[in-house]
Amino acid sequence: MDWRRTQMIFIVTLLILNLFLAVIYFNKQLSDDPDTIGNETLEERLKADNITYPNLSSKPTNGAIFTTERAAFTAKDVSDLSGQSITLKDNNKEIYSVLQTPIKAGKKGNRFFL
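Residues 1 to 114, numbered by UniProt numbering, are exactly what the sequence shown covers, in order.
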């Protein structure tokens with residue numbers, strides 16, 4: 001068999017394979033892209049999923065931004081916590097507490113209260 005002919009067959013075969021793989025790749029990209037799934041608004045998607053929500057206010061609101069830094073607790077910090085067993089975790093940055101007498105929590109509307 002002629003080497004040039006064999007070389008040409010390999011080149012054509014690899015080009016066809018590359019085109020096939022490119023088509024598969026782009027079809028997958030298009031099907032996975034959330035922007036091409038639909039042009040529905042959030043409200044339309046919520047309605048389609050039977051999700052209800054209260055009317056939201058369009059008035060601007062003011063609020064504060066709270067930021068914190070994790071601090072390590074000492075035995076003195078938790079000594080005032082009575083009626084519970086305290087365990088400090090994560091290098092004394094988390095308090096794990098088990099109440100000796102459980103407190104019953106109820107639900108009123110969409111809020112929990114003690």
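Every residue gets a Cβ at the ideal spot worked out from N, C-alpha and C, and that includes glycine.
Item	Value
Residue 141 versus K47: straight-line alpha-carbon distance, rounded	Outside the shown range of the chain, which is 1 to 114, sits residue 141, and nothing can be said about it.
Reduced DSSP category for I11 - H, G, I as helix; E, B as strand; rest coil	helix
Where I86 sits in the DSSP three-state scheme	strand
Same chain, Cβ closer than 7 Å to G83, five either side skipped, listed in chain order	L99, Q100, T101
Contact set for T87: own chain, Cβ-Cβ below 7 Å, skip 5 residues either direction	Y96
Residues sharing a beta bridge with L99, DSSP	Q84
Cβ of N39 within 8 Å of any chain B Cβ	No chain B is present in this structure, which holds just one protein chain.
Span of the alpha helix (DSSP H) around E43	42-48
Spatial distance of F20 from D49 (CA atoms)	37 Å
Residue of D90, K107, I65 minimising C-alpha distance to A71	D90
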